Amino acid sequence: MSYQCPLCHQPLHHQQQQWRCQNNHQFDQAKEGYVNLMPVHHKSSKNPGDNKEMMQARRQFLEAGHYQLMRENTVKLLAAHLPENSQKILDIGCG
């Protein structure tokens, strides 16, 4: 899978836990594995995204199993529609 820099449209290359283009624009990969390619200056606050408390609350909610049935049904749909041996899925605009 390849990514394109949202600032200069050059290819992004994966290096350790970062994605970087030839113009040195850098995007960090979260420990959960996702990469947020929205540049900070395109966000509406000086401290964009969720703070530590919001992330902890989200994790507690998810670990409580509230989405388990939806997760199981999504896995079934993916298994039915993805090509055999698929290993990666690009999730765009999940919010």
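Here the sequence shown stands for residues 5 to 99, numbered as in the working numbering.
By construction, the Cβ of each residue, glycine as well, lies at the ideal position given by its N, Cα and C atoms.
Nothing here was measured: the structure is a model prediction, and the numbers come from that model.
- Take Gln30, set aside five residues on each side of it, and the residues of its chain with a beta-carbon closer than 6 Å to its own are Gln22, Arg24, in chain order.
- Shown here for Ser6: same chain residues with a beta carbon closer than 8 Å to its own, the five before and five after excluded, namely Pro15, Leu16 in chain order.
- If you compare the alpha carbons of His18, Asn27, Gln19 with that of Leu11, the shortest gap goes to Asn27.
- Secondary structure of Gln14 (DSSP, three-state): coil.
- Secondary-structure assignment with DSSP links Asp32 through a beta bridge to Gln22.
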